[in-house]
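Per our numbering, residue 1418 is the first one in the sequence shown, and the count goes up by one each step. Glycine included, C-beta positions come from ideal geometry on N, C-alpha and C.
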Amino acid sequence: MKVSDLGNFIREQRSQAGVSLRKLAKLAGVSNPYLSQIERGLRRPSAEILNGIAKALRISAETLYVQAGILDDRKEREDLTEVIMADRGLTERQKQVLVQVYGSFKEDTEREREARRRRRSAKPKPARTLRSKPGGRVESAG
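Here it is as structure tokens:
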């Protein structure tokens, strides 16, 4: 796992939670510049810092540990749909509704991620400024 991938993941989670960088830094117990460096992939945080960030974002620390390469991702994770369908404490109707809601949430999340990716890739690059030099020459200022 690249440090930049971890930073992007944290930034995405923060964005989804609607939390500013400043607020997350305060909640996680780190400085604004340090959190900014983590999100930009310039710093690799310790497990302790990841734990603070996870608590502040209300996600599992394990999720961040996996993203950071501290823990291996469990390949044996069960599909939540299978778990719901196997639950004997629910009626068939309840199972169907839960599976539909879960699927809807997953689709919404994927649409939001895709929209963010598109917005990021569509950001216009700053225009270059041209200056006139004596003698009619033009040079780029950017």
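Near residue i, what residues of its chain come up, given a Cβ to Cβ distance below 8 angstroms and the 5 sequence neighbours on each side ignored?
i, result
"arginine 1428", "Glu1456"
"aspartate 1489", "Val1483"
"leucine 1458", "It is worth fixing the name first, because residue 1458 is glycine in this sequence and not leucine. Here the set comprises Lys1419, Val1420, Ser1421, Asp1422, Leu1423, Gly1424 and Asn1425."
"arginine 1475", "Ala1434"
"tyrosine 1519", "Leu1497, Thr1498 and Ile1501"
"arginine 1530", "Glu1429"
"leucine 1507", "Ile1501 and Leu1515"
By Cβ distance below 6 angstroms, which residues in the same chain neighbour residue i in space, the five residues on each side in sequence not counted?
i, result
"asparagine 1468", "Ala1478"
"proline 1462", "Ile1455"
"arginine 1533", "none"
CA-CA distance, residue i and residue j?
i, j, result
"tyrosine 1451", "arginine 1460", "8 angstroms"
"proline 1541", "arginine 1528", "22 angstroms"
"glutamine 1517", "isoleucine 1501", "11 angstroms"
"valine 1436", "lysine 1523", "21 angstroms"
"glycine 1446", "glutamate 1509", "45 angstroms"
"aspartate 1496", "valine 1514", "16 angstroms"
"alanine 1471", "serine 1432", "14 angstroms"
"lysine 1440", "isoleucine 1466", "15 angstroms"
"serine 1521", "isoleucine 1487", "31 angstroms"
"leucine 1481", "glutamine 1430", "10 angstroms"
"arginine 1536", "alanine 1485", "26 angstroms"
If we call anything under 8 angstroms between Cβ atoms a contact, is residue i one with residue j?
i, j, result
"lysine 1512", "aspartate 1504", "yes"
"alanine 1473", "leucine 1438", "no"
Sorted by chain position, which residues of the same chain lie with C-beta nearer than 7 angstroms to residue i's C-beta, five sequence neighbours on each side aside?
i, result
"alanine 1442", "Ser1448, Asn1449 and Leu1452"
Can you say whether residue i is buried or exposed, counting buried as having 16 or more other CB atoms within 10 angstroms of its CB?
i, result
"alanine 1464", "exposed"
"alanine 1539", "exposed"
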